[in-house]
Amino acid sequence: MKKLLSYELREKYLKFFEQNGHKIIPSASLIPENDPSVLFTTAGMHPLVPYLLGQKHPYGQRLTDVQKCVRTGDIDEVGDATHCTFFEMLGNWSLGDYFKKESITFSFKFLTEVLEIPVDKLAVTVFAGDEDCPRDTFAASVWEELGIKNICYLSKEHNWWYAGATGPCGSDTEIFVDTGVAPSCENSNPGNDPDKWVEIWNNVFMEFNRTADGKFEPLKQKNVDTGMGLERTICMINGYKSVYETDLFSDIIEKIAQLSGKPYGEDEQSTRAMRIIADHIRTATFLMGDEKGIVPSNVDQGYVLRRLIRRSVRFARQINVDSKELVTISKMYIDKYKKYYPELEQNESKVLEELAKEEEKFSKTLENGIKELEKVLTYMKNGVLNGKTAFRLYDTFGFPIEMTQEICKEKGYEVDLEGYKVAEAEHIKKSQAGAEQKFKGGLADSSEQTTYLHTATHLLLGSLQKLLSKDIHQKGSNITAERLRFDFNFDRPLTEEEKKMIEDNVNKAIKEDVKVVCEEMTVEQAREAGAEGVFGSKYGDIVKVYTMGDYDKEICGGPHAEHTGQLGEFKIIKEQSSSAGIRRIKAVIDTSKAISK
Ligand code: SER
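Following the numbering used here, the numbering of the sequence shown begins with -12 at its first residue and continues without gaps.
Right under this line is the structure:
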């Protein structure tokens, strides 16, 4: 049978849904817009959250797209047949338009008529029901009428999709394809036989909004959100053993094999290494080539990127591939994907330069670092690498802790992670700059005005916690000389009265002119004292805790006003949605009204 290629599946999918009234929308960036709670876009629905919550989409109520996604939660599983850190998700949405029956029928028709998958090769799961939402006998009956026989009911753990801790969600029905292996049990189904049934498509019936206190409230509109993994689907339809046999990877794998002088598939270790390189360099290329392109660094997305590149360098070395060739592989990906993702071509020189720079930096120290680690391991009697050494490998040789753990695990050792954290904290304390530097990330400068706005941010969080919910926490902060911007978890807009109450409470604190007290203590003491710990223990074991009367207590690097009275008057100028379950407040202060200097 003719093999299905990736471009054919993309085109067939979009065309099918276009013919059924859907508008094609472009893929969004891999870096979520205004959403400090997640590092990457992990599903097609992600950029659509405001529309799932009820905002009107300019393209209407039926949408379809191919969305680039990154998920790094399963990074350890990369190298197996189906897990990728980057993948493309084919999706279609109904924003308050059609619901279960039409959605299931569309999926069925696409799979059986367009892709011509025999009906008996398909199986589905539906939601079994619980106190939040009834058993989905309706979805099951639609599947049954269409001729699907293998239907099983599963619990929330399997058949419920959450966008995040809060936000739009609902039960789903998942579609599986028969891999062709013999059944492992009687009545083999997706619930009891994962080797035989591989999931390719998930249709979510989004009718709830999950609130910060864990409740499921009905949404304004009933939506459908579906997602089909491009790589997996091509793999399954063509009867391949792994996604690396698809045209998305096959030439890359061939190139890596050629560079290593070893045929692909010869042994388990080199097969895994080749797959990891192919996967990680693709993800790194898309991250650096993204419209909001990022570069390797030690924080957030940049750190994930750094880990992906450094891990590729290590695995390249393992199979005798010169890690300079990673750039050649990245270039192959740019050429392969640029037709669909033109940003890769636009950012080509940046991608290749950044990759070359990171490769060079790390490959210089990798060899010595591995020698050092191997030497040290020979002294380790109890099977545990001490934290100090693990930190030295990071500090001197640039080994991300995850990499040290991985190498140790391969050699049958563990790493004392707690000891590593202690060593890291000591290092930060010594270099002092730690806390202040980090804090400046959210602060444009350290002028008096931004310092006072920072103090106002503390009073604002304290007031939100006191008046709205103690479960509110900071999800992002940005301060300029003009205003503060503060993101926090809350699942609905604030009412006018609530905004007024919050404002009044902050102004009450300002009028009382309470002293801003700074104390140094351990993270544990800070927690016991009830301090808000937005930054966790990243700063080191001794932290500064700022207290403003009964209004607020937080671990923070400062700087702050000396008395709250210096702030003058506080005013909320805007309260809006930032992303799923995250609200954003912009506020200003008028220091000309200050009662104390
Ligand atoms: N959001 C769902 C998923 O990622 C369907 O697209 O599986």
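Virtual Cβ for every residue (Gly too), placed ideally from N, Cα, C. The structure presented is a predicted model; accordingly, all values stated were derived computationally and were not measured.
Residues near residue 201 by beta carbon distance below 8 Å, same chain, minus five either side: Excluding residues within five positions, none has a Cβ falling inside 8 Å.
Buried or exposed (CB count within 10 angstroms, at least 16 for buried), residue 307: Counting Cβ neighbours within 10 Å, residue 307 comes out exposed, since fewer than 16 surround it.
Burial state of residue 637, where buried means 16 or more other Cβ atoms lie within 10 Å: Here the chain covers residues -12 to 584 and nothing more, so residue 637 does not appear.
Status (buried if at least 16 other CB within 10 Å, exposed otherwise) for residue 245: Answer is exposed; the Cβ neighbour count stays below 16.
Selection from 417, 387, 340 and 328 that minimises the alpha carbon distance to residue 357: For residue 357, the nearest C-alpha among the options comes from 387.
Sequence-distant residues of the same chain with beta carbon closer than 8 Å to residue 317, five excluded per side: So the qualifying residues of the chain are 268, 271, 272, 338, 339 and 342.
heavy atom of the ligand SER below 7 Å from residue 148 C-beta: Under cutoff, so the answer is yes.
Separation of residue 520 from residue 510, as counted between CA atoms: About 9 Å.
Sequence-distant residues of the same chain with beta carbon closer than 7 Å to residue 478, five excluded per side: Taking residue 478 as the centre and dropping the five residues before and after it, the same chain places the C-beta of 153, 196, 198, 199 and 568 closer than 7 Å to its C-beta, in chain order.
Contact under 8 Å by Cβ, residue 243 with residue 298: Contact flag unset, no.
Close Cβ partners of residue 127 (< 7 Å) along its chain, the five nearest in sequence each way excluded: Scanning its chain for C-beta atoms nearer than 7 Å, with the 5 sequence neighbours on each side dropped, one finds around residue 127 the residues 113 and 138, in chain order.
Cα-Cα separation, residue 186 to residue 160: Answer to the nearest angstrom: the Cα atoms are 11 Å apart.
Same chain, Cβ closer than 8 Å to residue 225, five either side skipped, listed in chain order: Closer than 8 Å at the Cβ level, and outside the excluded window around residue 225, lie -10, -9, 232 and 233.
Residue 287 classed as buried or exposed, judged by whether at least 16 other C-beta atoms fall within 10 angstroms: Its Cβ having fewer than 16 others within 10 Å, residue 287 is exposed.
Cβ-based burial, residue -6 [other Cβ within 10 Å; buried from 16]: Burial call: exposed.
Nonlocal neighbours in the same chain, by C-beta distance under 8 Å from residue 591, ignoring five residues either side: No statement about residue 591 is possible, as the shown extent of the chain runs from -12 to 584 and does not include it.
For residue 573: DSSP bridge partner residues: Partner residues in the beta bridge of residue 573, as assigned by DSSP, are 472 and 561.
First and last residue of the uninterrupted alpha helix (DSSP H) at residue 366: Unbroken alpha helix (DSSP H) run through residue 366: 335 to 366.
Chain-order list of residues whose beta-carbon lies under 6 Å from that of residue 16 (same chain, five-residue window excluded): So the qualifying residues of the chain are 277, 278 and 279.
The region 391 to 411 touching the region 459 to 471, judged by at least three CB pairs closer than 8 Å: No: the two stretches stay apart, fewer than three of their Cβ pairs being nearer than 8 Å.
Proximal residues to residue 157 (C-beta, below 6 Å), its chain only, five neighbours per side dropped: Apart from sequence neighbours up to five positions away, the residues of its chain that approach residue 157 with a beta-carbon distance below 6 Å are 191, 192, 193, 194 and 195, ordered along the chain.
Distance cut 6 Å, beta-carbon to the ligand FAD heavy atom: residue list by chain order: Among the ligands modelled here, namely the ligand SER, the ligand FAD does not occur.
contact_flag[the region 129 to 143, the region 247 to 266] where n(CB pairs < 8 Å) is 3 or more: These segments do not touch.
Nearest residue (CA-CA) to residue 393, options 350, 436, 383 and 371: Measuring from the Cα of residue 393, the nearest candidate turns out to be 371.
Host alpha helix (DSSP H) of residue 247 (start-end): First-last of the alpha helix (DSSP H) with residue 247: 237 to 247.
Per DSSP, the bridge partner or partners of residue 228: Beta-bridge pairing by DSSP links residue 228 to no other residue.
Span of the beta strand (DSSP E), counted from its first residue to its last, around residue 158: In the DSSP assignment, residue 158 falls within the beta strand (DSSP E) that extends over 154 to 165.
Cβ shell of residue 221 (< 7 Å), same chain only, five flanking positions each side left out: Contacts found: -9, -7, -4 and 233.
Short Cβ contact (8 Å threshold) for residue 14 with residue 42: Not closer than 8 Å, so no.
Residue 573 beta carbon less than 8 Å from that of residue 560: Yes, these two residues count as a Cβ contact at 8 Å.
Simplified DSSP assignment, three categories, for residue 414: Residue 414 falls in the helix class under three-state DSSP.
Status (buried if at least 16 other CB within 10 Å, exposed otherwise) for residue 498: It counts as exposed.
Cβ-based burial, residue 110 [other Cβ within 10 Å; buried from 16]: Buried.
Beta-carbon proximity list for residue 32, same chain, < 6 Å, skipping 5 on both sides: So the list reads 212, once near-sequence residues are dropped.
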